[in-house]
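I have placed the structure first, in the form of structure tokens, so that the comments after it can refer back to it.
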Amino acid sequence: MLILKSYTVGDLQVKAYLIGCPETREAMFIDPAGDETRLAEEIKKQGLHLKYIVNTHGHPDHTLGNAGLKALTGAIVLMHEADDMLFRTKEAEALFRSWGFGLSVPSDAHIKEGDKIQVGTLSFKVLHTPGHSPGSICLYGHGHVITGDTLFVGAAGRTDLIGGSLDTLIKSIKQQLAVLPDETVVLPGHDYGDTPTSTIGREKRENPFLS
Ligand SMILES: [Zn+2]
Ligand SMILES: [Zn+2]
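Every number in the numbering used here is 3 more than the matching position in the sequence shown, counting from 1.
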């Protein structure tokens with residue numbers, strides 16, 4: 004059993020997820036994309052204690068609330084090293100400013116392929132899925148995969164931004180996501196499909212990136 008809540012956050016309508024352990028009340032928040040005061044209240048309302056803030060990747064629409072939510076909860080920010088480094092460069096800063104964003108706070112620790120993120124009795128595995136960005140990750144556990152901007156319902160993330168690669172993205176999706184059990188629930192970083200969530204089985208039938 005797990006506590007799972009989703010929130011639509013920020014101007015770019017990022018899908019953010021709160022996952023908590025019902026036994027210990029420990030939780031992690033994935034991609035706090037702003038509205039951190041509201042998100043901190045939601046966490047409190049669920050009776051959860053936030054241990055980690057996890058970014059599926061370093062794009063500013065997904066990391067906007069890192070600093071605020073960290074200040075409000077004391078949680079530790081986790082991101083893959085490749086995005087933590089790349090998206091604090093001058094080139095990235097110029098791009099993000101043109102979108103109306105600043106830079107994210109540096110992460111407190113890095114996560115990599117195969118790491119386990121432990122929240123109470125729950126354990127989620129880090130799948131490194133570069134392509135949308137070099138440090139994109141998905142989180143897999145308890146019948147769910149959180150896919151950030153790597154995989155959407157019926158589509159996949161764009162690869163024309165700094166450090167993106169279509170070949171790499173397709174390889175990541177086929178090697179890391181298409182191999183998961185068909186019944187795995189897909190929780191994407193934006194609601195771009197005809198339903199907010201999907202399953203790996205449905206995506207294998209309907210999403211051109213998996214076939
Ligand atoms: Zn992105
Ligand atoms: Zn996004």
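Beta carbons are placed, not taken as given, at the ideal position from N, Cα and C, and that holds for glycine. Given the structure is predicted, the values throughout are model-derived calculations rather than measurements.
#1: Please find out if some non-hydrogen atom of ligand 1 comes closer than 7 Å to the beta-carbon of His62.
#2: Does at least one heavy atom of ligand 1 sit under 7 Å from the Cβ of Gly144?
#3: Does Lys115 come out as helix, strand or coil in the three-state DSSP assignment?
#4: Could you check how far apart the C-beta atoms of Glu39 and Gly77 are, in whole angstroms? I think they sit under 8 Å.
#5: Assuming Met31 is part of the beta strand (DSSP E), what are its boundary residues?
#6: Indicate whether Ala181 and Leu213 have their beta-carbon atoms separated by less than 8 Å.
#7: Can you give me the start and stop residues for the beta strand (DSSP E) that Gly71 sits inside?
#8: On the DSSP bridge assignment, give the partners of Thr11 in chain order.
#9: What separation, rounded to the nearest whole angstrom, lies between the Cα atoms of Ser9 and Leu154?
#10: Extract the residue ranges of the alpha helix (DSSP H) inside the stretch 105–182, only unbroken runs of 4 or more that lie entirely within it.
#11: Answer yes or no: the CB of Gly192 versus the heavy atoms of ligand 2, is any distance below 7 Å?
#12: Any idea what DSSP makes of Met82, helix, strand or coil?
#13: Using CA atoms only, rank isn't needed, just tell me which of Thr124, Ser107, Ser136, Asp86 is closest to Met31.
#14: Quick check on DSSP: helix, strand or coil for Gly204?
#15: Based on Cα-Cα distance, which residue from Gln121, Pro133, Gly103, Gly144 lies nearest to Thr171?
#16: Beta carbon of His83: closer than 7 Å to some heavy atom of ligand 2?
Reading it off the structure:
#1: Counted from its first residue, the sequence shown places residue 62 at position 59. His62: yes, Cβ under 7 Å from ligand 1.
#2: Locating residue 144 in the sequence shown gives position 141, where the first residue counts as 1. Checking the Cβ of Gly144 against ligand 1 gives no.
#3: For the purposes of this step, residue 115 is taken as residue 112 along the sequence shown, with counting starting at 1. Coil at Lys115, not helix or strand.
#4: Indexing the sequence shown from 1 puts residue 39 at position 36. Indexing the sequence shown from 1 puts residue 77 at position 74. Their Cβ separation, rounded to whole angstroms, is 13 Å, which puts Glu39 and Gly77 out of contact at 8 Å.
#5: Position 28 of the sequence shown holds residue 31. Element bounds for Met31: 29–33.
#6: In the sequence shown, counting from the first residue as 1, residue 181 sits at position 178. In the sequence shown, counting from the first residue as 1, residue 213 sits at position 210. Contact flag set, yes.
#7: For the purposes of this step, residue 71 is identified with residue 68 of the sequence shown, where counting begins at 1. Run containing Gly71: none in the beta strand (DSSP E); it sits in the alpha helix (DSSP H), 69–76.
#8: Walking along the sequence shown from the start, residue 11 turns up at place 8. According to DSSP, Thr11 bridges with Lys18.
#9: Translated into positions along the sequence shown, residue 9 becomes position 6. Translated into positions along the sequence shown, residue 154 becomes position 151. If I take the Cα positions, the gap works out to 17 Å.
#10: The alpha helix (DSSP H) runs of length 4 or more contained entirely in the stretch 105–182 are, from start to end of the chain, 169–175.
#11: Here residue 192 corresponds to residue number 189 of the sequence shown, with the count starting at 1. Yes, since a heavy atom of ligand 2 falls inside the 7 Å radius drawn around the Cβ of Gly192.
#12: Here residue 82 refers to the residue found at position 79 when the sequence shown is read from its first residue. Strand at Met82.
#13: As a first step, residue 31 must be located in the sequence shown, where it is residue number 28. Checked all of Thr124, Ser107, Ser136, Asp86; the closest Cα to Met31 is Thr124.
#14: As a first step, residue 204 is located in the sequence shown; it is residue number 201 there, counting from the start. Note: Gly204 maps to helix in three-state DSSP.
#15: In the sequence shown, counting from the first residue as 1, residue 171 sits at position 168. The candidate whose alpha carbon is nearest that of Thr171 is Pro133.
#16: Taking the sequence shown and counting its residues from 1, the one referred to as residue 83 is at position 80. False, no ligand heavy atom lies under 7 Å from that Cβ.
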